[in-house]
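J.: Residue numbers (full-length UniProt numbering), protein chains in the order written: chain A, 1 to 342; chain B, 1 to 342.
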DNA sequence: TTGTACGCGTTATCAT
DNA sequence: ATGATAACGCGTACAA
């Protein structure tokens, strides 16, 4: 480690006290510095190439300027868009983002929160739907509570089950609206690539979809609800399974776009045409969709905005119990689900 | 800010000195602690829910555990894949990643490096090709030099023009190999969506491509080299321009995949079929391509590995002058450039 | 307005 | 092996 110029060096060089140098450079709120002294200090700082040590400042002030971000996979467009929102919001607040990635390992999520707590991140944004796993949730809930007790604030993107501020996506409503839109276009034999059984987001979207179709008088055949991983590979495998049994379906709903794209790949691979042989829809409306043909019908989630919102929630200190911000979704119909009534 | 348990609290609770507590918990290298005392300390720490303050540790040790990362746009698959490599490598080294995003503003790049220097990031990875702009490069070079002088190390992904360790992509060779592969498939009337004139990566790929085609006896018509932004929109606009003038071309090379996808969108929009009416190729082989039809011919760059490599380079302290790690590329032929000789 | 001195939480040096 | 104690770089009451 080479030598780093400190504020003391600057003070000495400028012939003033450490305190004055600090006030001149940082611009203390209450105190003010005589213009000529201030000038001397700034000049000295420049001459010496002084760089304030954010770490030391954080120590002295008692709070850091960093925001922790926990995602499952930064290469996934869903997460990278949210991450963009988080960095934008943090930047606007003069804060830095520490990016951490679970690589889809749920246990790492807890470790990463602890890690960020050690960094004394002023706030943590955790992105990712919860699981129906009381034991697991309990560990996470306790971990977050400890972090909060140590002075940090948390925002979650997912389900409001961890007693922290949460950005909630309208999964049920969005999937229901999608189902109705598809029904209106003439689809009557739906199938669902449902994701993991315990994954709440997957479940909400799956049930929102199936319930809506049931309410319309054309229930989804339970045999046509295929569980899978929440990933590209998961969607691909589930679609393959569905097609392998020769299921009689006219539209397939994958509970997220990445899965839908996996399904699309499977269909392509098996010579099944979308939408001619079967229609396909996803959820999230990730950025990738702009480059996919046929245009994939989806349910839009304002992902960047979700990141901003979560960051704002986490940063905006509050007193009362956990808040919930519900983000509306919007059905976007595209070529992958053409009108069948023609 | 709520109260946080400190090491002193733990020491008092365990009835030992601060020093012993520190040694027991951190496990000092040279010193060792009597087992029973050690046990008492650990137990006390657990009881009090003690969490070490990474910031304070960094102060005392004189070095932080964070790595800075500078990208232009985290939602761009090129950058997010590299970011995945950086976080993986950092994680393996027990370090954290501070993610910063220029949002395509070159001036922010310098500011972000200064920001990361203030954070005393132990290393900084800057991702992004350089520009033919000596003034701009000079500012950046000086900024990085100052950071290095303060004890940090830097790795760049791009061109080795800033006197720091650099991961270099085989742009010229890759584009040349692509040109030859296309020529071998029968293409004779190539065009290039060339990106910004001053952008070195764009230029290298453009020239590598045109020179190779010239060497094969079928030079690229200069009128068919269209400059543009290095983005999706840039590719789209350039393709639109090319098609608008009714250029007589049989294959279009976009200097990166994101641009190629923009070009694909433009072609689609104008009713021009790929590859029937014109073939298309890109560069990078971003993850998104797995979902694009027709499969886009590209030049593969091991992006995640590039991120890992750059991080390793930055972390592995060295004495001598700037090192260069060249990453090989590989032509991947897909459906967007079918064999024309049939 | 300026300077002195203490504190932030931890590591490391130096006695003991 | 353990314990005082001095750093680390900075902010800020408090005193002058």
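Beta carbons are placed, not taken as given, at the ideal position from N, Cα and C, and that holds for glycine.
Note that the coordinates shown come from a computational prediction; the quantities given were computed from them, not determined experimentally.
Since residue 52/B meets chain A, which of its residues come closer than 7 Å, beta carbon to beta carbon?
T.: By Cβ distance, chain A contributes 118.
J.: Helix, strand or coil, according to DSSP, for residue 25/B in the structure here?
T.: Three-state result, residue 25/B: helix.
J.: Please state whether the Cβ-Cβ distance between residue 250/A and residue 185/A is less than 8 Å.
T.: For residue 250/A and residue 185/A, no; Cβs fall outside 8 Å.
J.: Note down, in chain order, each residue of its chain lying with its Cβ closer than 6 Å to the Cβ of residue 236/A, except the 5 sequence neighbours on either side.
T.: Answer for residue 236/A: 262, 265, 266, listed in chain order.
J.: Name the chain B residues whose beta carbon is nearer than 8 Å to that of residue 59/A?
T.: Going along chain B in sequence order, the residues near residue 59/A (Cβ under 8 Å) are 55, 56, 59.
J.: So which residues on chain B does residue 261/A lean against when the C-beta distance must stay under 7 Å?
T.: Here the neighbours are 291.
J.: Select from 204/B, 177/B, 202/B the residue whose C-alpha is nearest the C-alpha of residue 216/B.
T.: When each option's Cα is compared against that of residue 216/B, the closest is 177/B.
J.: Flag this pair as yes or no: are the beta carbons of residue 48/A and residue 13/A separated by less than 8 Å?
T.: Yes, the pair counts as a contact, with Cβ atoms nearer than the cut-off.
J.: How close, in whole Å, do the beta carbons of residue 8/B and residue 151/A come, if the pair is a contact with beta carbons under 8 Å?
T.: Between residue 151/A and residue 8/B the Cβ distance is about 17 Å, and since that is not below 8 Å, they are no contact.
J.: Going residue by residue through the stretch 152-221 of chain A, where are the continuous beta strand (DSSP E) segments of at least 3 residues, counting only ones entirely within it?
T.: List check, beta strand (DSSP E) in window: 153-157, 165-169, 190-195.
J.: Take residue 205/B and list the residues in its own chain whose beta-carbon comes closer than 6 Å to its own, dropping the five residues that flank it on each side.
T.: So the qualifying residues of the chain are 171, 175, 255, 283.
J.: Which first and last residues belong to the beta strand (DSSP E) in which residue 253/A is found?
T.: 251-254 is the extent of the beta strand (DSSP E) around residue 253/A.
J.: Would you call residue 312/B buried or exposed, if buried means 16 or more other Cβ atoms sit within 10 Å of its Cβ?
T.: Residue 312/B is buried by the Cβ-count criterion.
J.: For residue 173/B, which of 25/B, 307/B, 326/B has the nearest alpha-carbon?
T.: The shortest C-alpha separation from residue 173/B is found at 326/B.
J.: Indicate whether residue 24/A and residue 42/A have their beta-carbon atoms separated by less than 8 Å.
T.: Going by C-beta atoms, residue 24/A is nearer than 8 Å to residue 42/A.
J.: To the nearest whole angstrom, what separates the beta carbons of residue 81/A and residue 303/A, a pair I think is in contact under 8 Å?
T.: Right, their Cβ atoms sit about 4 Å apart.
J.: So which of 71/A, 100/A, 87/A has the shortest CA-CA distance to residue 66/B?
T.: Nearest option by C-alpha distance: 100/A.
J.: Does the stretch 142-151 of chain A come close enough to the stretch 114-130 of chain A that 3 or more CB-CB pairs lie under 8 Å?
T.: A contact exists between the stretch 114-130 of chain A and the stretch 142-151 of chain A.
J.: Among 274/A, 140/A, 197/A, 230/A, which has the Cα closest to the Cα of residue 243/A?
T.: The candidate whose alpha carbon is nearest that of residue 243/A is 274/A.
J.: Output yes or no for whether 8 Å exceeds the beta carbon distance between residue 86/B and residue 125/B.
T.: Taking 8 Å as the Cβ cut-off, residue 86/B and residue 125/B qualify as a contacting pair.
J.: Mind checking residue 89/B: buried by the 16 CB within 10 Å criterion, or exposed?
T.: Residue 89/B comes out buried.
J.: Determine the chain A residues that contact residue 206/B at a beta-carbon separation under 9 Å, and present them in chain order.
T.: Result: empty, since nearest Cβ-Cβ is about 22 Å, beyond 9 Å.
J.: Can you round the beta-carbon distance between residue 329/A and residue 306/A to whole angstroms, since I take them to be within the 8 Å contact cut?
T.: That belief does not hold up - the Cβ atoms of residue 329/A and residue 306/A are roughly 11 Å apart, past 8 Å.
J.: Helix, strand or coil for residue 240/B? Go by DSSP, reduced to three states.
T.: Looking at residue 240/B - three-state DSSP - the assignment turns out to be helix.
J.: Run through chain B and tell me which residues come within less than 9 Å of residue 334/A, C-beta to C-beta.
T.: Within chain B, no residue comes near residue 334/A; the closest Cβ sits about 13 Å away, beyond 9 Å.
J.: Considering only residues of the stretch 83-163 of chain B, which uninterrupted alpha helix (DSSP H) runs meet the minimum length of 4 residues and lie entirely inside it, listed in chain order?
T.: 106-118, 134-149, all fully within the stretch 83-163 of chain B.
J.: Kindly indicate which three-state DSSP category residue 313/B falls into: helix, strand or coil?
T.: Reduced to three states, the DSSP call for residue 313/B is helix.
J.: If you measure from the beta carbon of residue 297/A to each beta carbon in chain B, is any gap under 8 Å?
T.: No, residue 297/A lies away from the interface with chain B (no Cβ there is under 8 Å from its Cβ).
J.: Quick check: the Cα distance between residue 77/B and residue 280/B, rounded to an integer number of angstroms?
T.: Going by the C-alpha atoms only, they are around 19 Å apart.
J.: Would you say residue 102/A and residue 287/B are within 8 Å of each other, going by their C-beta atoms?
T.: Result no, Cβ atoms of residue 102/A and residue 287/B do not sit closer than 8 Å.
J.: Using a Cβ cut-off of 9 Å, which residues of the stretch 69-82 of chain A contact any Cβ in chain B, in chain order?
T.: Here the close residues are 69, 73, 74, 75, 76, 77, 79, 80, 81.
J.: For residue 320/A, tell me which candidate among 141/A, 163/A, 132/A, 226/A has the shortest Cα-Cα distance.
T.: Out of 141/A, 163/A, 132/A, 226/A, 163/A has the C-alpha closest to the C-alpha of residue 320/A.
J.: Taking 8 Å as the threshold, find out whether the stretch 124-144 of chain A comes into contact with the stretch 212-226 of chain A through three or more Cβ pairs.
T.: The stretch 124-144 of chain A vs the stretch 212-226 of chain A: no contact.
J.: Strictly by DSSP, which residues pair up with residue 80/A?
T.: BP columns for residue 80/A are empty, so no partner.
J.: Beta-carbon within less than 7 Å of residue 272/B's beta-carbon, same chain only, minus the 5 sequence neighbours each way: which residues are those?
T.: 243, 278.
J.: With 8 Å as the threshold, decide whether the Cβ of residue 311/B is near any Cβ in chain A.
T.: No, because no Cβ of chain A sits closer than 8 Å to the Cβ of residue 311/B.
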